[in-house]
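Protein chains in written order, with the working numbering: chain A, 1 to 504; chain B, 1001 to 1151. For each residue, glycine too, the CB sits at the ideal point set by N, CA and C.
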Amino acid sequence: MDFLSNLALGFSVALTPFNLVMAFAGVIVGILIGALPGIGPPSGVALLLPLTFGMEPTSGIIMLAALYAGSMYGGTITAVLINTPGESASVVTCLDGYQMALQGRAGAALGIAAAGSFVAGTCGVVLLMLVSPALARWSLSFGPPETFALMLLGLTTVTLLTGDNALKGYISMVLGLMLAMVGFDIIAGDARYAFGVPELMDGVDFLPVAIGLFGLGEVLAGAEEAAGARMVQGRVTVREVMPAAADWVRSRWAIARGTVLGFLVGLLPGAGPTVASFLAYTVEKKVSRRPQDFGKGAVEGVAGPESANNAAATAAMVPMLTLGIPGSATTAIMLGGLMMWGLRPGPLLFEKNPQFVWGLIASQYIANVMLLILSTAFIPLFVRALRLRYTILMPLIIVFCITGAYSLKNSLWDVGQMLVFGVIGYAMKKLGYSPAALVLALVLGPLAERALRQSLIISDAGLGIFFLRPISAVLTVAALVAIAVPVVRAVVAAWRNRAGGLAA
Amino acid sequence: MRRADRIAGAGLLALAIAFSAGALKYYTYTGPGGPGSAFLPFWLGVVMAALALMLLAGALRAPDPGPGWLPRGEGLRRLLLVLGVTVAFVALLPVVGMILGTALFLIVLLRLLDRSPWPLALAVAAATAGLNYLVFTYWLRVPFPTGVLGI
Chain A
1 MDFLSNLALG FSVALTPFNL VMAFAGVIVG ILIGALPGIG PPSGVALLLP LTFGMEPTSG
61 IIMLAALYAG SMYGGTITAV LINTPGESAS VVTCLDGYQM ALQGRAGAAL GIAAAGSFVA
121 GTCGVVLLML VSPALARWSL SFGPPETFAL MLLGLTTVTL LTGDNALKGY ISMVLGLMLA
181 MVGFDIIAGD ARYAFGVPEL MDGVDFLPVA IGLFGLGEVL AGAEEAAGAR MVQGRVTVRE
241 VMPAAADWVR SRWAIARGTV LGFLVGLLPG AGPTVASFLA YTVEKKVSRR PQDFGKGAVE
301 GVAGPESANN AAATAAMVPM LTLGIPGSAT TAIMLGGLMM WGLRPGPLLF EKNPQFVWGL
361 IASQYIANVM LLILSTAFIP LFVRALRLRY TILMPLIIVF CITGAYSLKN SLWDVGQMLV
421 FGVIGYAMKK LGYSPAALVL ALVLGPLAER ALRQSLIISD AGLGIFFLRP ISAVLTVAAL
481 VAIAVPVVRA VVAAWRNRAG GLAA
Chain B
1001 MRRADRIAGA GLLALAIAFS AGALKYYTYT GPGGPGSAFL PFWLGVVMAA LALMLLAGAL
1061 RAPDPGPGWL PRGEGLRRLL LVLGVTVAFV ALLPVVGMIL GTALFLIVLL RLLDRSPWPL
1121 ALAVAAATAG LNYLVFTYWL RVPFPTGVLG I
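Structure below.
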């Protein structure tokens, strides 16, 4: 079978000592980054990306993918122990995980989450392996209109799903697209909005922007709040991490449902682990025979969402690798990395760079095993690391942001750009805008513009071309629906308000 | 929040108008065989202007000022401290160099932010600067600004 020989090739790449070390480092750093409040998976990937430029791209992506998987679990630790999600995909875990901790069952909550993450992550890779080549082959038939429609759909869904204010989400997205216009135009050759500054002629590099928005911006927001408290008190022992038999029985179907749901949600452009975990929690509560237990320490409320977020993080790689369309800020940054390594994501990646794709897939199996071992045997160590004071962590993250931004191109311009976007990121966070939508738009902007203009060049019907071809018509209509949803919702709300005002 | 939305709305509207006008003035709307380099920027400006107007309209009609968001008191002090020391670090990088700068930055921030004891501040600074040198300068050969001391 074709697939087994591909997988064998993948393992031969992933099992080299250097790549094993990279996967291991990725998982450890990922758990820490996921656990530490104020630094999440997008900033983790953005900060480590410069480190990978000296390596083989395969080793680089192995480390970043392992980091992403690890961070999904890391966020759970703080969610359970201190009721503070380390990253957004663990927000719902707080609901029941922290209640379990209050009942003295923190270890069981973490253990079930680890088991669920392992099952979901491994099944996710199996599905990734089965789905990606087929999807890649199918997408070979995509022309510029389909590509543009897909990007439009990705952008609108991210905007719809990441923020709590749709208008501010769209403002963030359009701002990102406007930033993407800066620099040499690929077709006409104009240096747009560069004002004669050489650094701007090459365009606004998304990495300093991402490091600023997600790294420095978060730290600044944290600086305002955090007093000198330690982040975590107390300890967890290895024995406590083993869930009781009753917990297993209650959780097995939650893990299975979370895996399937998470994978499906993760496949959609724009919907990542965070959405998956929220949906999984809702589903568990609906199907449970004891819905009244939810919010009071129901183990299914931890198992479902934690499985879903790991499955979704794996699934999110599928559109990134096969179509070149990232579904979240984290995969957007990985996509940027791919392009910086000189690889072109999309259908041809599977044919031209099999050792890269299959090495990544095989390494995901290995990373999941490492994650299981680290998250059970070494949990007490991670919990101890979290006892670090936030005031010590904060300056360290800033140093990392500055070194990371500088080492991209050895330029102080990038450091300055990172600082500016750090301040912008702080303001966006405080005012309810969506940094994730901005970064995604900045990465997709040039690709989307090229696809749009090529579509219009080959079109006889102007913008009608997006509705005349079947696949692009479906995708375009879906994107337009996504745009219409918040507008309709706002109109309905305004109408109700008026009606309510008259009645009162 | 209402005031912040008004300011942001006005600012974004101005930006959008300048963006679209600039596109039409300096770049070509129709290129050979299709849309030119001004096409997408122009329409992005139009969309942004519409969004900014919606934000403004909502903020002007909002009945109450909404929750405040500007930091004050202790929070403001800490925010300005972190930001100020960070900007100073970056501005002084070419003079002090990355490795020494990292150490100084950490000592200053740890002492001022948290009154960390001297031994702790010095240990964290030395360890980070050392690791920074090892990984970035020695291993990855990143040519950091070296500053007057040459490291």
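Boundaries of the alpha helix (DSSP H) in which residue i is found, first to last residue
i: residue 53 of chain A; result: Taken as a continuous stretch (DSSP letters only), residue 53 of chain A belongs to no alpha helix (DSSP H), as it is neither H nor E.
i: residue 417 of chain A; result: 412-431
i: residue 193 of chain A; result: Note, residue 193 of chain A: premise wrong, no alpha helix (DSSP H); not H, not E.
i: residue 172 of chain A; result: 166-180
i: residue 22 of chain A; result: 17-35
i: residue 256 of chain A; result: 245-267
i: residue 1028 of chain B; result: Premise fails: residue 1028 of chain B is in no alpha helix (DSSP H) and is neither H nor E.
i: residue 392 of chain A; result: 390-409
i: residue 368 of chain A; result: 354-377
i: residue 275 of chain A; result: 273-287
i: residue 505 of chain A; result: Residue 505 of chain A lies beyond the range of chain A shown here (1 to 504); nothing can be said about it.
i: residue 455 of chain A; result: 435-458
CB contact below 8 Å: residue i versus chain B
i: residue 485 of chain A; result: no
i: residue 192 of chain A; result: yes
i: residue 397 of chain A; result: no
i: residue 462 of chain A; result: no
i: residue 170 of chain A; result: yes
i: residue 250 of chain A; result: no
i: residue 509 of chain A; result: With chain A covering 1 to 504 only, the question about residue 509 of chain A has no answer from this structure.
i: residue 394 of chain A; result: yes
i: residue 178 of chain A; result: yes
i: residue 457 of chain A; result: yes
i: residue 167 of chain A; result: yes
i: residue 224 of chain A; result: yes
i: residue 453 of chain A; result: yes
Alpha-carbon to alpha-carbon, residue j and residue i
i: residue 178 of chain A; j: residue 1045 of chain B; result: 8 Å
i: residue 1071 of chain B; j: residue 224 of chain A; result: 7 Å
i: residue 1005 of chain B; j: residue 1029 of chain B; result: 32 Å
i: residue 1039 of chain B; j: residue 1020 of chain B; result: 9 Å
i: residue 365 of chain A; j: residue 358 of chain A; result: 11 Å
i: residue 202 of chain A; j: residue 443 of chain A; result: 14 Å
i: residue 1142 of chain B; j: residue 34 of chain A; result: 27 Å
i: residue 1007 of chain B; j: residue 261 of chain A; result: 42 Å
i: residue 412 of chain A; j: residue 1089 of chain B; result: 12 Å
i: residue 98 of chain A; j: residue 280 of chain A; result: 18 Å
i: residue 275 of chain A; j: residue 390 of chain A; result: 28 Å
i: residue 134 of chain A; j: residue 321 of chain A; result: 12 Å
i: residue 197 of chain A; j: residue 189 of chain A; result: 16 Å
i: residue 51 of chain A; j: residue 494 of chain A; result: 50 Å
i: residue 1093 of chain B; j: residue 5 of chain A; result: 52 Å
i: residue 335 of chain A; j: residue 329 of chain A; result: 10 Å
i: residue 1022 of chain B; j: residue 1013 of chain B; result: 14 Å
i: residue 486 of chain A; j: residue 159 of chain A; result: 11 Å
i: residue 228 of chain A; j: residue 75 of chain A; result: Unreliable positioning characterises residue 228 of chain A in this predicted model, as indicated by a pLDDT of 45, which lies under 50. A coordinate reading is not provided.
Within-8 Å CB hit, residue i to chain A
i: residue 1102 of chain B; result: yes
i: residue 1036 of chain B; result: yes
i: residue 1065 of chain B; result: no
i: residue 1042 of chain B; result: no
i: residue 1116 of chain B; result: yes
i: residue 1027 of chain B; result: yes
i: residue 1148 of chain B; result: no
i: residue 1004 of chain B; result: yes
i: residue 1093 of chain B; result: yes
i: residue 1096 of chain B; result: no
i: residue 1140 of chain B; result: yes
i: residue 1082 of chain B; result: yes
Rounded Cβ spacing between residue i and residue j (contact assumed at less than 8 Å)
i: residue 40 of chain A; j: residue 214 of chain A; result: 7 Å
i: residue 1047 of chain B; j: residue 174 of chain A; result: 6 Å
i: residue 483 of chain A; j: residue 156 of chain A; result: 5 Å
i: residue 437 of chain A; j: residue 172 of chain A; result: 4 Å
i: residue 397 of chain A; j: residue 1086 of chain B; result: No, residue 397 of chain A and residue 1086 of chain B are not in contact; Cβ-Cβ is about 11 Å, not under 8 Å.
i: residue 269 of chain A; j: residue 154 of chain A; result: 4 Å
Other residues of its chain near residue i: CB distance less than 8 Å, five sequence neighbours each side excluded
i: residue 27 of chain A; result: 66, 67, 69, 70, 367, 370, 371 and 374
i: residue 1103 of chain B; result: 1125, 1126, 1128 and 1129
Close-in-space but distant-in-sequence residues of the same chain around residue i (CB under 6 Å, 5 per side omitted)
i: residue 1116 of chain B; result: 1110
i: residue 11 of chain A; result: 362
i: residue 129 of chain A; result: 361
Sequence-distant residues of the same chain with beta carbon closer than 7 Å to residue i, five excluded per side
i: residue 1059 of chain B; result: 1002, 1005, 1006 and 1009
i: residue 305 of chain A; result: 92, 93, 258, 277, 280 and 281
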